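Residue numbers (this note's numbering), protein chains in the order written: chain A, 11 to 212; chain B, 2 to 374. By construction, the Cβ of each residue, glycine as well, lies at the ideal position given by its N, Cα and C atoms. Remember, it's a predicted structure, so these values are computed and weren't measured experimentally.
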Amino acid sequence: METILLTEDDVALRAQIRFALEERFQIAEAGNVAKSLNLLNSQNITLAILDLGLPPHENTPEEGLRLLHYILENFGIKVIILTGQKTESAALESIKSGAFDYLVKPVSMEQLMFSIDRAILFRDTEEKLSKQGMAKISFGIEVGKGLQPAREEAEKNIILKVLKDTNFNVYKSAKLLGVKRESLYYFIKKFGFKREDIDADS
Amino acid sequence: MLTLKLLQSMYLFVIVAGAVALVILFYLRYLTNRAFKVQLRMVDANKECNYDIALFLPRVNDLVRVAEIEEIFYEISYGESTLSKPGPEKKRTIMRKITRPDYSIGLGIVPISPRGYQKYIYMIIFETLFLLIEMDILMKIKVANEALYNFSKLQAFLLHDVKNVTQFIKGLIYNIGRISGPEREHRFIESLKESAPALSVRTDKILSTLEIGSEKDEEGDGQEVDIARLTKDLFALYDIKGEATGRGTIFTQKHKMVTVFDNIIKNIREKSAREPGIECFAFVRDETGIITVIIYDTGSPIKNIERMFEPFYTTKESGLGIGLFQARHIVKKLGGNMTVANTDRGVEFTVSLPRGIISDNAEPASQIGAYAH
């Protein structure tokens, strides 16, 4: 059974969402960042529903965004944002960081359920594709700036992913990428990749 | 000898010249006095019009006529307002115009006699009038901007709570339609029991925020609130190290006491995030019908502490600045007093409240456990 992390500081609302989800999923619930981190480290969380306005700053998205970055960097699970923060910057930051969905309260429970199902479907499909050797790499570009920055961003992301997968083994990475080692060294220098940064990230 | 003769012949001339100079001097003094009086009257009129230039400007014409000015005309715009009075076409006028990002002022006068000493008189009045208009506009823009800023903060604060309540209702409706079997029914009732106190605190918070400044007395049953126990619960809720001692019970609506002490202790909790390890102590004293509560932390002093109860004053980026204002407002409405000061041992809050009438039917206050996240 999927275990969903439900981070929501409103006790009443959390109880209702938990009740709605608990028939289909196992729910790990938290009202703040510290408790969420505890649960993430102690349980096998497979998906997260996250409120951005968390204590001690319930009226700004900072705490939630901090937690979102941490989850995406360290656990790589799908995160659905369910928040009252309607600011454009919070939505932009969440989507840019890699949140799967951004739902603004109040939202119907059917919509939340639909979003959860989609997140699971996407995750499963990505896993299947990954087993077939295909990886989904996403990156942001400014369309008006032509193809060169887009090409570079794509190259950068693909090389970074392969280096991460091979623990910065240049020989293996070059083989996987189908390039000469010298060319890979050139790209590593060009994009400023360092073994310690990649190790720290992974 | 020659000098003496010269003096004798000019004697009369000197006297006449002196007398003329004196007359001119007195006349100029009279004119200057009149100009200053007009200035003062303009300042007074502006104040009487509550610094509203739309009311003030029509009164200016009558005031300035005695100061060598036939009439004034203007073209002023600020915010969404525009005021204009066209000037005469064929007369000699003096005009000045400034344009700033938020406002523009064009002010002109028609002098009675544009040359000579009169110029100094009407120019003093003209400069003063220009200054008054600009000050009024700046004051209005500042007040409007502050009000809009505070309103947006208040709106964001309320929206957060209202959206959560609305989302709760949506969840409730969804769940009611899907309960099947006695076990789920039981679980649903359990979840409602868990939700109800937190929902009540949330709606109380919304109500007390909306009622800030309202003189309406709330109706509702009072109950005995054990202040030491309440502060202890709040310390536990916010994970604050410290202790609450003493005894004192107040008979009032409990949510009011929760709001007062929650705002004080939440303030200390936020401080402890910046200064880890600080402790907090509360003493409750019951003296001849007055309950005094002293709460202090062991942290650093607070800058501008005298402004802490000012509405919308906050040192936190995400703060609204109404918590302590709201707390003191409640205390004062209950006939008490609330102060804060930097002392040798730390920042100290003192709340004094009348004990109130304790009836035999009063309900004892329950714990605030429902608050816990």
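DSSP three-state assignment for residue i, whether helix, strand or coil
{"i": "residue 103 of chain A", "result": "helix"}
{"i": "residue 371 of chain B", "result": "Residue placement at residue 371 of chain B is poorly supported in this model, since its pLDDT is 40, which falls under 50; the coordinates still yield a value, given next. It is helical."}
{"i": "residue 36 of chain A", "result": "strand"}
{"i": "residue 350 of chain B", "result": "strand"}
{"i": "residue 86 of chain B", "result": "strand"}
{"i": "residue 166 of chain B", "result": "helix"}
{"i": "residue 93 of chain B", "result": "coil"}
{"i": "residue 84 of chain A", "result": "helix"}
{"i": "residue 111 of chain A", "result": "strand"}
{"i": "residue 364 of chain B", "result": "Per-residue confidence for residue 364 of chain B stands at a pLDDT of 47, beneath the threshold of 50, marking its modelled position as unreliable; no derived number is given."}
{"i": "residue 12 of chain B", "result": "helix"}
{"i": "residue 4 of chain B", "result": "helix"}
{"i": "residue 204 of chain B", "result": "helix"}
{"i": "residue 62 of chain A", "result": "coil"}
{"i": "residue 132 of chain B", "result": "helix"}
{"i": "residue 321 of chain B", "result": "coil"}
{"i": "residue 24 of chain A", "result": "helix"}
Residues near residue i in its chain [Cβ-Cβ closer than 7 angstroms; skip 5 each side]
{"i": "residue 181 of chain A", "result": "191"}
{"i": "residue 127 of chain B", "result": "95 and 110"}
{"i": "residue 209 of chain B", "result": "260 and 327"}
{"i": "residue 69 of chain B", "result": "112, 113, 114, 119, 122 and 123"}
{"i": "residue 203 of chain A", "result": "170 and 173"}
Among the options, the one whose alpha carbon lies nearest that of residue i
{"i": "residue 61 of chain A", "options": "A:91, A:129, A:46 and A:168", "result": "A:91"}
{"i": "residue 138 of chain B", "options": "B:166, B:195 and B:54", "result": "B:54"}
{"i": "residue 99 of chain B", "options": "B:227, B:91, B:78 and B:114", "result": "B:78"}
{"i": "residue 202 of chain B", "options": "B:237, B:107, B:282 and B:263", "result": "B:263"}
{"i": "residue 249 of chain B", "options": "B:238, B:104, B:284 and B:59", "result": "B:284"}
{"i": "residue 269 of chain B", "options": "B:140, B:251, B:294 and B:242", "result": "B:242"}
{"i": "residue 140 of chain B", "options": "B:330, B:103 and B:175", "result": "B:103"}
{"i": "residue 18 of chain A", "options": "A:31, A:36, A:42 and A:34", "result": "A:42"}
{"i": "residue 312 of chain B", "options": "B:303, B:323, B:306 and B:209", "result": "B:323"}
{"i": "residue 58 of chain A", "options": "A:70, A:129 and A:120", "result": "A:129"}
{"i": "residue 191 of chain B", "options": "A:28, A:161, A:134 and A:167", "result": "A:28"}
{"i": "residue 65 of chain B", "options": "B:26, B:125, B:145 and B:20", "result": "B:125"}
{"i": "residue 58 of chain B", "options": "B:129, B:326 and B:254", "result": "B:129"}
{"i": "residue 133 of chain B", "options": "B:145, B:156, B:43 and B:85", "result": "B:43"}
{"i": "residue 87 of chain B", "options": "B:149, B:261, B:74 and B:230", "result": "B:74"}
{"i": "residue 67 of chain B", "options": "B:80, B:32 and B:97", "result": "B:32"}
{"i": "residue 302 of chain B", "options": "B:258, B:266, B:325 and B:345", "result": "B:345"}
{"i": "residue 213 of chain A", "options": "A:37, A:73 and A:67", "result": "Residue 213 of chain A falls outside the range modelled here, since chain A spans only 11 to 212, and no answer is possible."}
{"i": "residue 230 of chain B", "options": "B:246, B:182 and B:240", "result": "B:246"}
{"i": "residue 223 of chain B", "options": "B:335, B:347 and B:212", "result": "B:335"}
{"i": "residue 178 of chain A", "options": "A:195, A:163 and A:165", "result": "A:195"}
Strand pairing of residue i, partner residues [DSSP]
{"i": "residue 107 of chain B", "result": "B:76 and B:98"}
{"i": "residue 281 of chain B", "result": "B:243 and B:298"}
{"i": "residue 195 of chain A", "result": "The partner list for residue 195 of chain A (beta bridge, DSSP) is empty, contrary to what the question assumes."}
{"i": "residue 291 of chain B", "result": "B:288 and B:355"}
{"i": "residue 92 of chain A", "result": "A:113"}
{"i": "residue 338 of chain B", "result": "B:353"}
{"i": "residue 47 of chain A", "result": "Answer is none; residue 47 of chain A lacks a bridge partner."}
{"i": "residue 13 of chain A", "result": "A:36"}
{"i": "residue 343 of chain B", "result": "B:348"}
{"i": "residue 57 of chain A", "result": "A:14 and A:88"}
{"i": "residue 112 of chain B", "result": "B:70"}
Own chain residues within Cβ distance below 8 angstroms of residue i, not counting five before or after
{"i": "residue 188 of chain A", "result": "none"}
{"i": "residue 60 of chain B", "result": "46 and 50"}
{"i": "residue 97 of chain A", "result": "71"}
{"i": "residue 290 of chain B", "result": "355 and 356"}
{"i": "residue 180 of chain B", "result": "186 and 189"}
{"i": "residue 75 of chain A", "result": "62, 100, 103, 104 and 107"}
6 angstroms Cβ shell around residue i - same chain, five flanking residues per side excluded
{"i": "residue 339 of chain B", "result": "329, 332 and 352"}
{"i": "residue 176 of chain A", "result": "182 and 183"}
{"i": "residue 35 of chain A", "result": "12 and 14"}
{"i": "residue 371 of chain B", "result": "Because residue 371 of chain B sits at a pLDDT of 40, beneath the cut-off of 50, its placement in the model cannot be relied upon, and the following sentence gives the value as read from the coordinates. The residues are 198 and 199."}
{"i": "residue 38 of chain B", "result": "none"}
Exercise. Can you list, in chain order, the stretches of the beta strand (DSSP E) that have 3 or more residues and sit fully within the stretch 207-279 of chain B?
Worked result: 224-227, 242-247 and 250-253
For this session: Pick out the complete alpha helix (DSSP H) segments inside the stretch 22-83 of chain B, 4 residues or longer, and give them in chain order.
Result: 54-65
Problem set entry | Every unbroken alpha helix (DSSP H) within the stretch 120-175 of chain A, with a cutoff of 4 residues, ordered by chain | 157-175
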